[in-house]
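To start, the structure under review is shown below, and the notes come after it.
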Amino acid sequence: MSRRRQIYEGKAKILYEGPEPGTLIQYFKDDATAFNAQKKGTIQGKGVINNRISEYVFTRLNHIGVPNHFIRRLNMREQLVRQVEIIPIEVVVRNVAAGSISKRLGIPEGEPLPHTLIEYYYKDDALGDPMIAEEHIACFGWATNEEMQDIAAMAIRVNDFMCGMFAAINIRLVDFKLEFGRIWDGDYSRVILADEISPDGCRLWDMHTGEKLDKDRFRRDLGGEEEAYQEVARRLGLLQDDNGPSEVLDLSKHRKLRGK
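Put into structure tokens, the structure is as follows:
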């Protein structure tokens, strides 16, 4: 079967023309990038795992009333989604200090924040996705005040739901990134959740061992990236395991092999 027309290719996904107007096919790649694509590599099978995890999370979010672009999964690496006008803002929700906030503010990594924090970043790889304030968003017209209220409300709702979902499988949701887009009905638009939710855009730590089960394993050369992604999917019940319930994944062997 001939490949549909490519609309866009990003660092982790490719978007193709969908079978019906207003739809796209989202293809998940195994490519891995970090530090605004300064570091590049491959995590075997990542696209398959992220497709399944994102499908699972978006479906459950839809059930609790969080509107999103997901329609259905098509195969191992592709899903059908609604076409949206992406708002050029990355929304980062933080529960625990890690990554850039620890570096910027000198907060020890792993320290719980006094309350959930929402940060906004302007989506521009050439500029390094700079952090912005709501005043910047209003000044440059990237989103209206009403849209930002909807985005903040949905981000908190997503966080509340996912914190519970991951805690139930002994995973701590440290922080995560969301993207939103507009869908139009004539002159009227509304904001819905878009992109993906997977270990690529979430920091996920094992509650007992503190092991990182996300892309930080790639960023920090910890090894065991494939196993970590698979472990998240397995705990969510998305992988069949003939050996019965999954045990806590011990990634220490990867550190020893790499001399970490």
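Just so we're aligned, residue 1 is where the sequence shown starts under the UniProt record's numbering, counting upward by one.
Even glycine gets a Cβ: it sits at the ideal position worked out from N, Cα and C.
Sort out for me which residues DSSP pairs residue i with in a bridge.
i: residue 82; result: 23
i: residue 131; result: 121
i: residue 93; result: 118, 176
i: residue 202; result: 176
i: residue 184; result: 189
i: residue 32; result: 41
i: residue 68; result: 193
i: residue 9; result: 14
i: residue 171; result: 206
i: residue 73; result: 79
Residues in the same chain with beta-carbon distance under 7 Å from residue i, minus the five sequence neighbours each way, listed in chain order, please.
i: residue 33; result: 11, 39, 40
i: residue 46; result: 30, 32, 229
Nearest to residue i by CA position, among the options, is which residue?
i: residue 85; options: 192, 202, 231; result: 192
i: residue 237; options: 56, 97, 83, 122; result: 56
i: residue 18; options: 131, 117, 83; result: 83
i: residue 163; options: 194, 187, 151, 94; result: 94
i: residue 77; options: 27, 146, 124; result: 27
i: residue 53; options: 110, 166, 112, 145; result: 166
i: residue 127; options: 37, 81, 102; result: 37
i: residue 157; options: 124, 118, 125; result: 118
i: residue 216; options: 105, 35, 112; result: 35
For residue i and residue j, which I take to be in contact (beta-carbon distance under 8 Å), what is that distance rounded to the nearest angstrom?
i: residue 201; j: residue 176; result: 6 Å
i: residue 155; j: residue 232; result: With a Cβ gap of about 21 Å, residue 155 and residue 232 do not count as contacting.
i: residue 207; j: residue 183; result: Residue 207 to residue 183, Cβ: 37 Å. No contact.
i: residue 181; j: residue 69; result: 7 Å
For chain B, check one thing: does any of its Cβ atoms lie closer than 8 Å to the Cβ of residue i?
i: residue 178; result: The structure shown contains no chain B; it is built from a single protein chain.
Give me, in chain order, the residues of the same chain whose beta-carbon lies closer than 6 Å to that of residue i; leave out the 5 immediate sequence neighbours on both sides.
i: residue 203; result: 98, 174, 175, 214
i: residue 121; result: 90, 129, 131
Within 10 angstroms of its Cβ, does residue i collect 16 or more other Cβ (buried), or is it exposed?
i: residue 61; result: buried
i: residue 188; result: exposed
i: residue 245; result: At residue 245, the pLDDT of 39 sits below 50, so the modelled position is not reliable and the matter cannot be decided from this model.
For residue i, which residues of its own chain have a beta-carbon under 8 Å away from its beta-carbon, when the five flanking residues on both sides are left out?
i: residue 161; result: 60, 61, 64, 66
i: residue 145; result: 138
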